[in-house]
Each structure stands twice: as structure tokens, then as C-alpha cells.
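Each residue of the sequence shown is one higher than the one before, counting from 0 in numbering that gives the first Met the number 0. One structure is given below, encoded as C-alpha cells.
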Amino acid sequence: MSDERTALVQQSWRNIIAWCRENAPVTADTLRGPASEEALAAAQAEMGYEWPAELLAWLRVGDGALRTLQGDLIPPGFIPMGVDQIMGDWRLMIEVIGDIVQPEEVKSSEGAPAGTYSAAWCRSFIPIGDYTTGDLLFIDLRSGPQSGCIREWEDGAAHLRKPNWDSIASMLADIDQALRAGQWGDDETGRIPTVENGALRWKYSEGWETIDG
0 MSDERTALVQ QSWRNIIAWC RENAPVTADT LRGPASEEAL AAAQAEMGYE
50 WPAELLAWLR VGDGALRTLQ GDLIPPGFIP MGVDQIMGDW RLMIEVIGDI
100 VQPEEVKSSE GAPAGTYSAA WCRSFIPIGD YTTGDLLFID LRSGPQSGCI
150 REWEDGAAHL RKPNWDSIAS MLADIDQALR AGQWGDDETG RIPTVENGAL
200 RWKYSEGWET IDG
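Structure, rendered in C-alpha cells:
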């Protein structure tokens, strides 16, 4: 991974933090400082995967946010995870899937290309965003041209639809740009960043149905 990409990750997240401090102080208060190198090394050793350089770069600036709706920074309403929650949710998902999905299906899912449907939570899925309802945002580290893409685990499956982003760098750059511009690019949902009682909220612009995030 190029130094430019990891630098983009860190600068985007610093810009997001700065925006929140100025405009959404309640959300800013949920954000943690950098993760420790010891925690990052232990997590990768336990998982058995070297984490993407972009994920490590992000966590070295900020170790996620407190698990509160005031911290749902990632549209449409995911709370960024720190190392402890990443590992806690990963362990839980591995345990749950092991109880309800046959080993053959898990093995088949692990061998499928990144970005494809999976009814089994794979060891190579790294959760990074918490929707607080059981749905997760995760990095799909399976092999293939879309390896490293950002996807949603929803209703107990990784659905066959386009990834949310191709990388963490793209995700954070999009959020940074949306906060600066006051709108989510050309997103057809019309979602825009707003502040309510000091907290960031991703709302729909006038004319679009509001969905709680």
C-alpha cells in the first residue's frame, strides 16, 4: 500500500475530527485517541491476518468511538470501531457462525472472491463499523480484485450487492468531502450531514423519505 494512501487515510480522519470539534462537539467527544502498537500487534496475531495498512493508519490516529449513537460517523449510521470492539465482535461472529453454519459452507465462503455473497461470517472479515442492531460494516479480505473492499453484514449475511467503498481511504475521503461540501456527493439518496444537539446526523434532503440511522 502506497504512502500516499495511508497519508490520505490519516489526513481525512484528522479533517473529520477537526470538523466535528468545530461543528459537532458531542460527536467529537465520542472519538478516542490513537490505538497502541501493542494492541494492534496482539489483534493481528490473534486473528491470523495482517491488517490492511489503511486500517492500521486509521487506528493509529483514532481508536474508533464510544458505542453511542452520537458517534455514528459513517453513513448511513455506523459507529467506527476501536481495536477492542473489532476483536470482540470478530470473536463473537466466529463463535456464532460456528454454531449455526456447517464447516463446509464456512470453508466455501472463505474461498469465494471478495465482494461476493456469503451466508457465513469469514475469519477474513474485519468488522470496522457498528450499527448497534447486529448489522456491521466490515473489510472483506478474501482474495480477488475487490479484496479490501468495505461491505455491510446485514440480516445475517454479506449480500450480493456493490461494496460501499473499495477501501478505507475512499470511505474516509468521501466522509471528509461530504462534511466540507455539506452534501454526500452525487449520492442518489440525497443524504446530507446535519448537526442535532451537537451530534452529527446523516439525514435525507427534502423530498426523500427519512430513515432512522
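Built from N, CA and C at the ideal position, the CB exists for glycine as well.
Following the DSSP letters along the chain, one finds THR26 inside the alpha helix (DSSP H) bounded by residues 24-27. Here LEU140 is buried. Its C-beta has 16 or more other C-beta atoms within 10 Å. DSSP places GLY110 inside the alpha helix (DSSP H), whose first and last residues are 102-110. Rounded to the nearest whole angstrom, the C-alpha separation of GLY197 and VAL100 is 43 Å. For ASP129, the enclosing beta strand (DSSP E) covers residues 124-129. Scanning ASN163, ILE78, SER142 for the CA closest to the CA of THR132 turns up ILE78.
For LEU55, the enclosing alpha helix (DSSP H) begins and ends at 52-60. With 16 or more other CB atoms across the displayed protein chains lying within 10 angstroms of its CB, ARG190 is buried. Beta-bridge pairing by DSSP links ALA156 to GLU153. Going by C-alpha positions, ARG90 is about 10 Å away from GLU45.
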